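To start, the structure itself, in structure tokens.
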Amino acid sequence: MRALAAAAIGLAAALTLVFAVTAIGPPRGTTSPEPLLTSAPAHP
Amino acid sequence: MRRRASLVLLALAVFLTALAPLLRWYVFPRMAKVPAGRYQAVVLEAKDATLIDYATLEPRRVSRLTMIQTLKGNVGQADKVKEATGRDVVVWDTLTYAAGPDGRMVTRIPERYVFDAHTQQPVHAGGENVDGTPVRRDGIEYKWPFLVEKRDYRYFDMMTRTTAPIHYRGTRSFHGLDVYYFEQTIPWTQVPLPRQLPLGISPDTVRQLGLERWYTTQRMFWVDPVTGAPVNGEEIHREEMRWTGHPEKKPITAFDGHVRMRPDYVDAAVSLVKSQRQLVLLLTDYLPWAFAGLGTGLLALSLVLEARGRSRDRRAFGGKRAHDGGKPARPAPAGEPLSRGGSP
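Protein sequence lines correspond, in order, to chains V and C. Residue numbers for the first sequence follow full-length UniProt numbering, so the first one is 1 and each next one is one higher. Residue numbers for the second sequence follow full-length UniProt numbering, so the first one is 1 and each next one is one higher.
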């Protein structure tokens, strides 16, 4: 019974971590102020 | 104490073992996406190309034609599309600007490409267009999905504004990376004239001269299979101005050249892909396998500890069993006669 409880705790922790990380997600970022180019830059 | 340690190890083992598949099949599809605010420029060149001179309507050889392709993620528009469709999308405003050897404009074609940030499949919202004309893509453009498969894809051709298969032609080694090589051939097709042409000429002027624009290309991409990002691109591109209703008249070559990515941009693309692919591999391979292995190891250790704990208990209680069928003898409380141990 105690083994089952320990396994459940491990599983719950994994699910909580995964749901939290995916709910937050990666940052959206912002639109770059750089223009659409009409001349070739010297370097990438 | 051992029993407690084995339970902690069991919880950890289940935690890690559960994380392994969750990372690969739940976290990765949700977390791996093209950033909405990505900005990227690529320079391609065609050396010793043929280019139409709009002043004389004659083709001429030029030492170099430069194509500057800029992709700019429009985060505000992506948020609006997300509100409307509920999908996580990327909106790319792009400009393909061709310049002659003197740096003057040859063509200038803006484009808006709206696609799913996870799958790279086109999303029909947010004003997708090419050169101001609304289009409806049913294939990828510029980038392949993450974890590219060895199969043909459908790729949008900006010039014809149609989608056609792009064929997988095998695996190649490119700058130390194993990449997938794709090829697409667009047969001769009549295409719209760009809205902006050199010398202030309008598409109507060209049409009034009785000319129409035809185009064919062989497009080649070397694509990193992990990130889906091309590390090299080439095009054998030909354009002709043909006389409307006069197939017997000789067409004027408008452009003929082999367009290749400038070597410094190839190096930059390879360098970027090499770093980004590690992040993808972390979620798809490195962490899931490490967690699965570690989880299995901890589970084994937990079982060993548990087994040892039980055998120790058996040894400890084995000699003190009562003669009534095996109930372990317990120390009698103080003041209680020992004869009460055993069966009631």
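Even for Gly, the Cβ is constructed at its ideal location relative to N, Cα and C. Quantities reported herein were computed from a predicted structural model and do not represent experimental measurements.
Go ahead and label residue i buried or exposed: buried means 16 or more other beta carbons lie within 10 angstroms of its beta carbon, across all protein chains shown.
i, result
"C/L57", "exposed"
"C/R61", "exposed"
"C/K82", "buried"
"C/A322", "At C/A322 the pLDDT is 47, less than 50, meaning the model places this residue with poor confidence; the figure from the coordinates comes in the next sentence. C/A322 is exposed by the Cβ-count criterion."
"C/V304", "exposed"
"C/I52", "buried"
"V/L4", "exposed"
"C/H124", "exposed"
"C/K250", "exposed"
"C/S302", "buried"
"C/W92", "buried"
"C/H246", "exposed"
"C/Q190", "exposed"
"C/Y286", "exposed"
"C/R207", "exposed"
"C/S339", "Model confidence at C/S339 stands at a pLDDT of 42, short of 50, so the residue's coordinates are unreliable; what they give is reported in the following sentence. Exposed."
"C/D224", "buried"
"V/E34", "exposed"
"C/G126", "buried"
"C/P59", "buried"
"C/W188", "exposed"
"C/M261", "buried"
"V/M1", "exposed"
"C/Q40", "buried"
"C/R315", "exposed"
"C/A307", "exposed"
Rounded to the nearest angstrom, how far is the Cβ of residue i from that of residue j, given a contact under 8 Å?
i, j, result
"C/L10", "C/L299", "7 Å"
"V/L11", "C/A18", "5 Å"
"C/L23", "C/P288", "5 Å"
"C/Q120", "C/W144", "7 Å"
"V/T31", "C/G73", "7 Å"
"V/P44", "C/A268", "4 Å"
Would residue i pass as a contact of residue j if the rule is Cβ separation under 8 Å?
i, j, result
"C/G233", "C/V148", "no"
"C/R219", "C/E235", "yes"
"C/L71", "C/R38", "yes"
"C/A20", "C/F291", "yes"
"C/Y155", "C/A164", "yes"
"C/I201", "C/M158", "no"
"C/L211", "C/T253", "no"
"C/N129", "C/E111", "yes"
"C/M105", "C/P230", "no"
"C/V259", "C/L44", "yes"
"C/T66", "V/A40", "yes"
"C/L283", "C/F28", "yes"
"residue 345 of chain C", "V/T22", "As displayed, chain C neither begins before 1 nor continues past 344, which places residue 345 of chain C out of reach and without an answer."
"C/D131", "C/P194", "yes"
"C/V280", "C/F146", "yes"
"C/V179", "C/R161", "no"
"V/L37", "C/I68", "yes"
"C/Y215", "C/E239", "yes"
"C/L7", "V/A6", "yes"
"V/V18", "C/Y26", "yes"
"C/V75", "V/R28", "yes"
"C/K274", "C/L177", "yes"
With a CB to CB cut of under 7 Å and the five nearest residues on each side skipped, what residues in its chain are close to residue i?
i, result
"C/K33", "D88, A117, H118"
"C/G170", "Y181"
"C/P337", "Residue placement at C/P337 is poorly supported in this model, since its pLDDT is 46, which falls under 50; the coordinates still yield a value, given next. Answer for C/P337: no residue qualifies."
"C/A78", "A36, V89, V90, V91"
"C/T185", "Q218"
"C/T85", "V123, A125"
"C/W222", "R172, F174, V179, Y181, P230, V231, N232"
Among residues of its own chain, excluding the 5 on either side of residue i, which ones have a beta-carbon nearer than 8 Å to its beta-carbon?
i, result
"C/A334", "Residue confidence is low: C/A334 scores 49 on pLDDT, short of 50, so the model does not pin down where it sits. Its coordinate-derived value is still stated next. For C/A334, where only same-chain residues beyond five positions count, there are no Cβ hits under 8 Å."
Excluding the 5 residues flanking residue i on each side, which residues of the same chain have their C-beta closer than 6 Å to its C-beta?
i, result
"C/G297", "none"
"C/S63", "P101"
"C/H175", "V270"
"C/G326", "No answer about C/G326 holds up, because its pLDDT of 48 lies below 50 and its placement is not dependable."
"C/E183", "H167, R169, M220"
"C/T107", "A98, P194"
"C/Q196", "R108"
"C/Y54", "P198, L199, I201"
"C/Q276", "T227"
Any beta-carbon of chain A closer than 8 Å to the one on residue i?
i, result
"C/D264", "Although the question refers to chain A, the structure presented lacks it and instead comprises the protein chains V and C."
**Message:** At a CB distance below 8 Å, what residues from the stretch 12-25 of chain V approach chain C? Give them in sequence order.
**Reply:** A13, A14, L15, L17, V18, V21, T22, G25
**Asked** Got a sec: which bits of the stretch 81-98 of chain C sit with their beta carbon under 9 Å from any beta carbon on chain V, in order along the chain?
**Response** D88, D93, T94, L95, Y97
**Message:** By the 7 Å beta-carbon criterion, what residues does the stretch 37-68 of chain C contribute toward chain V?
**Reply:** G37, Y39, A41, V43, T66, I68
**Request:** For the stretch 20-36 of chain C, enumerate the residues whose C-beta is nearer than 8 Å to any C-beta of chain V, in chain order.
**Result:** L22, L23, Y26, V27, R30, M31, K33, P35, A36
**Prompt:** Listed from N- to C-terminal order along the chain, which residues in the stretch 247-281 of chain C have their beta-carbon within a distance smaller than 7 Å of any beta-carbon of chain V?
**Reply:** D264, Y265, A268
**Message:** Output needed in chain order: residues of the stretch 101-114 of chain C with a Cβ under 9 Å from some Cβ in chain V.
**Reply:** G103, M105, R108, P110
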